[in-house]
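Under full-length UniProt numbering, the residue at position 194 of the sequence shown is numbered 194, and the numbers go up by one with no gaps. From the three backbone atoms N, C-alpha and C, an ideal C-beta is built for every residue, glycine too.
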Amino acid sequence: MISNEAVDAVITWVDGSDQAHAEKLTNYCLKHGIKRSAGAAPTRFNERGELSYCVMSLLRFAPWLRTIYIVTDNQIPAIIKQLEGTAHAEKIKLIDHRDIFFGFENYLPTFNSLTIETVLWRIPGISEQFIYFNDDFSLIRPVSPADFFRNNKLVLRGEWSVQFEQKWHNKLKNYFLKTRQNWTIDNPHRAVQEKSAKLAGFQKHFFHLPHAPYPVKKTIFERCFRENPQLLAENLSHPLRDPKQFWPISLIQHQEIQRGNVIFDSSLKVMTVNGGFHSLAKIKSRLARADKKNNIPFVCLQSIDEAPESTQKLLFNWLDDKIMR
């Protein structure tokens, strides 16, 4: 059964090149004697126009979305002015951090996406069902509500993986060392998912979510933090990313897996490009694959600002062709 309920989209965005924001971050770090970690690296905040592509792709390929909320810190993205006076203008709503941290203002300012994601469900007027997008996500093909919500359940795409410390070679090391080691996971995206799965009661495996749009429900968040208020307070207490944090999206999705309230369907794929890590040959290969494969509606273009100018031009021309034409 396909739900006819309203579905909203939520996008988190920051323009790190904005002088006021850059000064706020710098002053906060200086005041508290904090050394900026990878979690606060400039590429996490730099804006190269990705948000405009994200929003325009939603308007084109998911016109059934009721409202598109953009969560930001006292900033106005260019897309707002671009859509001024058009039929789409009323569909886009800006949400300030103060709106979702109402009652928790002592945790502001924050520069931490994990902290912000912990309270997205508090957006005033948000629908029960909503889809969370990072600003570097875009759609390149039509999608439907049933690709995210079906039979009143979340549609999850990804794969089951063994938790790092449960892998046989690490268990073997623990056996010979006669002590339990806290093995370090090099991939932060994986590490925070494993931690979230453990909080939901998974001790051996976890469901590894790709960089793709995430379906969630407001009431799932409400129940999670009503039953575990200490988790809410702990996750909000970090203005910059911290290894002690969990990923709220992964946590509530693992909780729903435990309750049997999900449908696993990985028929739709995501294509990810990292401008600061992937070679030009790999980027071209991935773009060509996304061109040909009709089951790839999701793209995630990370760290475009770290790519050479020629590669950036290639990526933006490709997005223009896919979304703006």
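7 Å CB neighbourhood of residue i in its chain, flanking five on each side removed
i              : result
lysine 91      : Thr67 and Ile68
leucine 120    : Val10, Val71, Ile100 and Tyr132
asparagine 295 : Ser267, Leu268 and Lys269
methionine 324 : Met56
glycine 158    : Phe207, His208, Leu209, Pro210 and Ser266
leucine 59     : His88
Distance between beta carbons of residue j and residue i, contact taken as under 8 Å
i                 : j              : result
proline 248       : threonine 118  : 5 Å
phenylalanine 206 : glutamine 163  : 6 Å
serine 250        : glutamine 193  : 5 Å
glutamine 82      : aspartate 18   : That belief does not hold up - the Cβ atoms of glutamine 82 and aspartate 18 are roughly 17 Å apart, past 8 Å.
aspartate 136     : cysteine 300   : 6 Å
isoleucine 116    : threonine 12   : 6 Å
leucine 154       : asparagine 261 : 7 Å
Residue i - containing beta strand (DSSP E), residue span
i                 : result
methionine 324    : It is not in any beta strand (DSSP E) - methionine 324 carries neither H nor E in the DSSP assignment.
alanine 197       : Counting along the chain, alanine 197 falls outside any beta strand (DSSP E), though it belongs to the alpha helix (DSSP H) covering 188-199.
alanine 146       : From DSSP, alanine 146 is part of no beta strand (DSSP E); its letter is neither H nor E.
asparagine 134    : 129-134
glutamine 302     : 298-302
phenylalanine 207 : 205-208
valine 262        : 262-264
alanine 212       : Note, alanine 212: premise wrong, no beta strand (DSSP E); not H, not E.
leucine 154       : 153-156
Sub-9 Å separation of residue i and residue j beta-carbons
i              : j                 : result
proline 229    : phenylalanine 149 : no
alanine 62     : leucine 139       : yes
serine 161     : histidine 211     : no
asparagine 151 : isoleucine 283    : no
lysine 195     : isoleucine 252    : no
arginine 48    : glutamine 302     : no
lysine 24      : proline 77        : no
glutamine 245  : isoleucine 220    : no
proline 308    : proline 142       : no
leucine 240    : cysteine 29       : yes
valine 14      : aspartate 73      : yes
Close Cβ partners of residue i (< 6 Å) along its chain, the five nearest in sequence each way excluded
i             : result
aspartate 321 : none
serine 310    : none
leucine 319   : Tyr53
Contacts around residue i, its chain only, beta-carbon distance under 8 Å, and the 5 residues preceding and following it disregarded
i                 : result
tryptophan 64     : Val7, Ser144 and Pro145
serine 127        : Glu5, Ala6, Val7, Asp8, Arg66, Thr67 and Lys218
phenylalanine 102 : Arg122
histidine 189     : His211
lysine 35         : Cys29
Residue i - containing alpha helix (DSSP H), residue span
i                 : result
phenylalanine 221 : 218-227
asparagine 27     : 19-31
asparagine 74     : Run containing asparagine 74: none; DSSP gives neither H nor E here.
phenylalanine 61  : 50-61
lysine 313        : 309-319
glutamate 306     : That residue, glutamate 306, is in no alpha helix (DSSP H); it is neither H nor E in DSSP.
leucine 251       : 248-259
So does the region 235-255 actually touch the region 269-279, counting three or more Cβ pairs closer than 8 Å?
no
Would the region 77-87 count as touching the region 193-204 if we require 3 or more Cβ pairs under 8 Å? no
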